[in-house]
Amino acid sequence: MTVVCRPARADDLEAADALVVSSINDLTVRHGFGQMASPSPPNFQMFSLADDPDGLWVAEDDGRIVGFAWSWVCGDIWFLAQLFISPERQGGSIGRELIERTLDHAEKSGASNRVLITFAFNTVSQGLYIRHGLFPRFPIYSVSVPREHLIGRLHGPQFKCVPLDGEASTLARFV
997 MTVVCRPARA DDLEAADALV VSSINDLTVR HGFGQMASPS PPNFQMFSLA DDPDGLWVAE
1057 DDGRIVGFAW SWVCGDIWFL AQLFISPERQ GGSIGRELIE RTLDHAEKSG ASNRVLITFA
1117 FNTVSQGLYI RHGLFPRFPI YSVSVPREHL IGRLHGPQFK CVPLDGEAST LARFV
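Using the numbering used here, the final residue of the sequence shown is 1171, and nothing's skipped along the way.
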């Protein structure tokens, strides 16, 4: 079927919360952290929908919600609160479509600061955000390389570890 992105309605929010919870738990379980999220009444989403409905979007396929995006504006800050795609539908164009709609919300609001929070281990989402101009303020990137490839490249001086002493002259170097 064809995925349709449309503004969220009040009667979408419980199903959207269930999607968010299952997506978070799928992600955290795959990364070895176990389930972290549990359902809750969508009170703040409902408030946001009433206050500024342009920030809430759903993607649906044959009447089933397969994606949800929620952003809101406070002064000159635009915050992407949630952007989740059903695990079996990730990797397509749903995330791109939803983030473009929420970024349009940011543009229309005139917000000069764009903010979001995501798990540091969620490299797929980080890639999506970076491709849309949302770079980490704190550069937390996950890099990996096979040990065998790296070990052959360790030439030259290695780190020398020495214990710190409690002298004032030593501690002053860290101020």
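The beta-carbon is built from N, C-alpha and C at its ideal position, and this holds for glycine as well.
Below 8 Å, too few C-beta pairs join the stretch 1032-1045 and the stretch 1093-1100 to call them touching: fewer than three. Comparing alpha carbon positions, the residue from S1036, N1109, S1089 closest to C1001 is S1089.
About 7 Å separates the CB atoms of L1112 and F1075; that is less than 8 Å, so the two are in contact. Just measuring C-alpha positions, the residue of T998, L1045, I1020 sitting nearest D1008 is L1045.
Cα atoms of D1050 and P1003: separation of roughly 7 Å, rounded to the nearest angstrom. Excluding the 5 residues flanking it on each side, V1069 has same chain C-beta neighbours closer than 6 Å at S1105, A1107, in chain order. Following the DSSP letters along the chain, one finds F1080 inside the beta strand (DSSP E) bounded by residues 1073-1081. Separation of L1079 and A1014 (C-alpha to C-alpha, rounded to the nearest whole angstrom) is 13 Å. 8 Å or more divides the Cβ of V999 from the Cβ of D1048. Runs of the beta strand (DSSP E) spanning 3 or more residues and lying entirely within the stretch 1093-1168 occur at 1109-1112, in chain order.
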